[in-house]
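Participant: Take a look at the following structure, please.
Protein chains: 2
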Amino acid sequence: MGLTAMRKNALSKQRIVEAAIEILDNEGESALTFRALATRLATGAGAIYWHVADKNELLSATTEHVVVPAITHSASEPGDAIRAIALGIFDTMDAHPWVGAHLSRAPSQTAILAIIERLGAQLLELEVPEKHLFSAGSALGNYILGVAGQNAANARLLPAGTDRVDFLTAVANEWSQLDADQYPFVRRVARQLAEHDDREQFLAGVDLILDGIANLPR
Amino acid sequence: MGLTAMRKNALSKQRIVEAAIEILDNEGESALTFRALATRLATGAGAIYWHVADKNELLSATTEHVVVPAITHSASEPGDAIRAIALGIFDTMDAHPWVGAHLSRAPSQTAILAIIERLGAQLLELEVPEKHLFSAGSALGNYILGVAGQNAANARLLPAGTDRVDFLTAVANEWSQLDADQYPFVRRVARQLAEHDDREQFLAGVDLILDGIANLPR
DNA sequence: ACCTGAACACCGTTCAAGT
DNA sequence: ACCTGAACACCGTTCAAGT
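First to last, the protein sequences are chains V and F. Taking the working numbering, the leading residue of the first sequence gets 34, the next gets one more, and so forth. Taking the working numbering, the leading residue of the second sequence gets 34, the next gets one more, and so forth.
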C-alpha cells in the first residue's frame, strides 16, 4: 500500500458520494452544489472533478448508492418478490425524495439496469412467454419510475414542514370544487385522494400489471 | 376595445408561450432561457415576468398548450378511448420531447389534471367498482407519465443527429455483453430492445393494466 | 399598465498554479 | 497524482427607471 492510500481524509468518490447524500437528505436537492459539497469536504470545488466527471455522474452515483441495496428481495414466490422489489424502491424514494427525481429523468444508469434486472429475473421465474418478456418488464419498470417521478414532484410541491394529510385534504377540496361537467371523474375520486395510502395505492398498481401479465396468452 | 388591445405586437402570455414552444422544439430544452426568449420577442428579459410568474409556470403553460388538445379522443368503446388518449400523449411526447420531462417532474398542473380526467371518465364508462376507481386511474396515469419521463431521458441521451436504431443497437450490444450471472434477464431481452417498436411497447403496457382492471373483483 | 435592461445572486465547470 | 481557488460563462429573477 503506497503513501497515497494512507493519506488521511483523502478525497475519494466514495466520500464525495456520502457527503452528497447527506446534503440531499438534510437540505434537499437544491442545496447540493459543488461549492456546498466542497465546503463540507473542506476542499476546493474543483477537487471534486478529479473524482467525478460532472453533476450528472454525481447524482447517478448517489442514486445507485441508495437504490441498489434496496432491491435485494427475499421472497420465494415471484409475485411476492416483485412486490418486495417495488416496495423497496418505493420506500427508498420515500426516505430520499431526490431519488425519484433523478431516476425518472436520468438516462441509462446502473440503477435502472439493476431495477430492470431484478424485476425481469422474476418474470423469467413466472415463465412469461419469451415474446412478452421485454414489454412486461418495461411496463413494470415504467410504472414504478412513473410513481417515482410523481412522488418526487409532490415532495417538491409540499412546502417544507407542511403536514402531508393537510396538504392532500386541501388539494382534495380543490378537486371537489371543480366544474361538475368538465371534471366528473376528478370530483368523484377527490375524497379517495385525501384518504388514500400511497404505499397501498402503489402496490395496487403493481398488482394490476401482474394480473395483466398472468393473463397473457401463452 | 381600448388602446391596449390594439397595440401591435403587444406581449401576451399567448405569444410568449408560442415563442417558447418554438425554441423548445427547434433548439431543445436547454436553449429556452429568458434571455433567448426575450431576444426572440424583441423585448427585455424582465418584460416576460409581467405575463408569466416564473420559469415553472412558463413550462407548465407550454406543456398544457400541446398536451390538452392531444387528449381529446373519438372512440366509442372505453378501452379504445383509453388507448387513444394514451397514444395521444405518447405522440405528443414524441414530437415534443421536452413535454415528457416537464410532465414527469412538475407538480399539479392543468395538464396532469386533464389527463387524469380523460382517463378516469373512461373508467367510469367501464363501470370500474367505486373503491378501485382512484387506484385504477392513478395506475394508468403513473404508467403513462413513467414512459413520458423515460422517453424524455432517452431523447436527452441521444446525441443530436444520431440515428435512433443505431443507438438502440449499440445499447443492446452493451446489454448482451453484460455478465451472464449478474444480468441474465437484461442479456436475454437485449435483442428485443434493439428491435422493439416504442409505440407498440407502450400500448402493450396500457393493455396489461386494462386487463388487470377488467379482472378486478366486483 | 406595461416594458427596458442593468444588476444581483447565484450556478456548473475549467484551469493555471501549487504540493 | 491530486488539490486549490479564482475565473469564466452562464443562469433565473428583481427592480429602478422609463413610456
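Beta carbons are placed, not taken as given, at the ideal position from N, Cα and C, and that holds for glycine.
1. Counting only beta-carbon separations shorter than 8 angstroms, does Ser171 (chain V) have a partner in chain F?
2. Return helix, strand or coil for His106 (chain F), following the three-state DSSP convention.
3. Apply the 10 Å Cβ neighbour rule to Gly174 (chain F) and answer buried if 16 or more other Cβ atoms are within range, or exposed otherwise.
4. With a threshold of 8 angstroms between beta carbons, is Ile54 (chain F) in contact with chain V?
5. Does the separation of the CB atoms of Ala185 (chain F) and Arg138 (chain V) fall below 8 angstroms?
6. Would Ser168 (chain F) pass as an interface residue toward chain V - the criterion being a Cβ-Cβ separation below 8 angstroms?
7. Are there 16 or more other CB atoms within 10 angstroms of the CB of Gln47 (chain V), so buried, or fewer, so exposed?
8. Do we get a CB-CB distance below 8 angstroms when we pair Leu138 (chain V) with the residues of chain F?
9. According to DSSP, is Thr208 (chain F) helix, strand or coil?
10. Assuming Trp208 (chain F) and Val219 (chain F) are in contact, meaning their beta carbons sit under 8 angstroms apart, how far apart are those beta carbons, in whole angstroms?
11. If you drop the 5 nearest sequence neighbours on each side, which residues of the same chain put their C-beta closer than 6 angstroms to that of Glu51 (chain F)?
12. Just mark Pro130 (chain V) as buried or exposed, buried being the case when its beta carbon has 16 or more other beta carbons within 10 Å.
13. Is there a C-beta anywhere in chain V that falls below 8 angstroms from the one on Gly238 (chain F)?
14. Should Leu226 (chain F) be flagged as near chain V, meaning a C-beta pair shorter than 8 angstroms?
15. I'd like to know whether the C-beta of Asp244 (chain F) is nearer than 8 angstroms to at least one C-beta of chain V.
16. Only counting runs of 4 or more residues, tell me where the alpha helix (DSSP H) segments fall wholly within the segment 130–202 of chain V, in order along the chain.
17. List the residues of chain F whose Cβ lies closer than 8 angstroms to the Cβ of His229 (chain V), in chain order.
18. By alpha-carbon positions, which one of V:Asp212, V:Phe67, V:Val204 and V:Thr105 ends up nearest to Lys88 (chain V)?
19. Taking Ala205 (chain F) and Ala223 (chain F) to be in contact with their CB atoms under 8 angstroms, please state how far apart those CB atoms are, rounded to whole angstroms.
Facilitator: Inspection of the coordinates gives the following:
1. For Ser171 (chain V), the answer is yes, since a Cβ of chain F falls inside 8 angstroms of its Cβ.
2. In the structure shown, the three-state DSSP call for His106 (chain F) is coil.
3. With a 10 Å radius around the Cβ and a threshold of 16 neighbouring Cβ atoms, Gly174 (chain F) comes out buried.
4. Ile54 (chain F) has a beta carbon lying at 8 angstroms or more from every beta carbon in chain V.
5. Yes; because the gap between Cβ atoms is below 8 angstroms, this pair is in contact.
6. Taking CB atoms only, Ser168 (chain F) has a neighbour in chain V less than 8 angstroms away.
7. Classification for Gln47 (chain V): exposed.
8. It is Arg, not Leu, that sits at residue 138 (chain V) in the sequence shown. Closer than 8 angstroms: yes.
9. A quick correction: the sequence has Trp, not Thr, at residue 208 (chain F). Correct three-state label for Trp208 (chain F): helix.
10. Contact between Trp208 (chain F) and Val219 (chain F) holds, since their C-beta atoms are separated by about 5 angstroms, short of 8 angstroms.
11. Within the same chain, Glu51 (chain F) has no close Cβ partners at all.
12. Counting Cβ neighbours within 10 Å, Pro130 (chain V) comes out buried, since at least 16 surround it.
13. Interface flag for Gly238 (chain F) against chain V is set, since a Cβ pair is found closer than 8 angstroms.
14. So yes, Leu226 (chain F) belongs to the interface.
15. So yes, Asp244 (chain F) belongs to the interface.
16. If we require 4 residues or more, the alpha helix (DSSP H) runs fully inside the segment 130–202 of chain V come out as 130–136, 143–158 and 163–190.
17. Result: Phe167 and Ser168.
18. Taking only the C-alpha atoms, the option nearest Lys88 (chain V) is V:Phe67.
19. About 5 angstroms separates the two Cβ atoms, so the contact holds.
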